[in-house]
Amino acid sequence: MMEKEGVRKGPWTEQEDVQLVLYVNLFGDRRWDFIAKVSGLKRTGKSCRLRWVNYLHPGLKRGKMTPHEERLVLELHSKYGNRWSRIARKLPGRTDNEIKNYWRTHMRKMAQERKKGAASPSAKEHSFYDTGGMELMAAAPGEKKITSSKAEESPKVYSMEDIWEDFEFSQENCNQLMTCQAVASPIWDYCPTDHSLQLWSMDEEESRLPMQPIGDDHFHSFPYYMTG
DNA sequence: AATGCATGCAACCGCATCTCC
DNA sequence: CGGAGATGCGGTTGCATGCAT
């Protein structure tokens, strides 16, 4: 394969980022091996892709998950299980990696709190991290990595309709707040190209709602979720 | 102020899936 | 149709930073 000598690993430098962004602008964000080669970066195509998707992509939001996003993640995880990319598609500007990390952290916290308050021995000792998700069994044909085949039983706490309503509500507020631009990283200062959020992929469900770009801080402006 | 521990995040790895010839 | 290479995904690891002692 292309695992050559002198392949760089580890953290990316700003110089590398600039280089990568330039070449992605030039050739698009599909041909990663090609980009890795022609850019002169001593990185694998895989590494380039990952860096782009998780850090350099212009649509990325950065910073803390908002309460709304957190709730959405929880809900979607109960639906999809550990299918992070799928969940990420519902959260514009968030990456599968980010969500995965968030989930782990979240579960760790939960576990700890459970232990603390675990005077109640009835609480079953099973992993939150691998809840499976209600939709693993109901995945559409062609869907990837369907690992479980549990029968359909859905003690659903929260309907997707509710979630979407919430989300739309947020969007409205968001729009009022300003013309939001989700700036990915300072690297974009180097690039005049007009990248925008429509790069974010949508699937059937998403196409139901008029998704707008979401700015970084907008959800923070809605304390309505903090009520808990 | 120094040290150890916890947390968050970026990046790597291996495998699955897709695409092209 | 089958194989090879490319891409995508999920799990895991390692490092940097923050916090507690």
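First residue of the first sequence? That's 1 in full-length UniProt numbering, and the numbers climb one at a time after it. Note that beta-carbon positions come from the ideal geometry of N, C-alpha and C, so glycine has one too.
DSSP places V21 inside the alpha helix (DSSP H), whose first and last residues are 14-27. Taking the Cβ atoms as the reference, R8 lies roughly 4 angstroms from K42, within the contact range of under 8 angstroms. The beta-carbon separation of R51 and L20, rounded to 6 angstroms, stays under the 8 angstroms limit for a contact. In the DSSP assignment, P67 falls within the alpha helix (DSSP H) that extends over 67-80. With respect to the C-alpha of N82, the residue from K37, T66, I99 having the closest C-alpha is I99.
Following the DSSP letters along the chain, one finds V38 inside the alpha helix (DSSP H) bounded by residues 32-39. For D96, the CB contacts under 6 angstroms within the same chain, skipping 5 residues up- and downstream, are W84, S85, A88 in chain order. Looking at the backbone, the Cα of L22 and that of R31 are separated by about 14 angstroms. Buried is the label assigned to V24, since at least 16 other Cβ atoms lie within 10 Å of its Cβ.
According to the DSSP assignment, W84 belongs to the alpha helix (DSSP H) that extends over 84-89. Exposed is the label assigned to E113, since fewer than 16 other Cβ atoms lie within 10 Å of its Cβ. Here K64 is exposed. Its C-beta has fewer than 16 other C-beta atoms within 10 Å.
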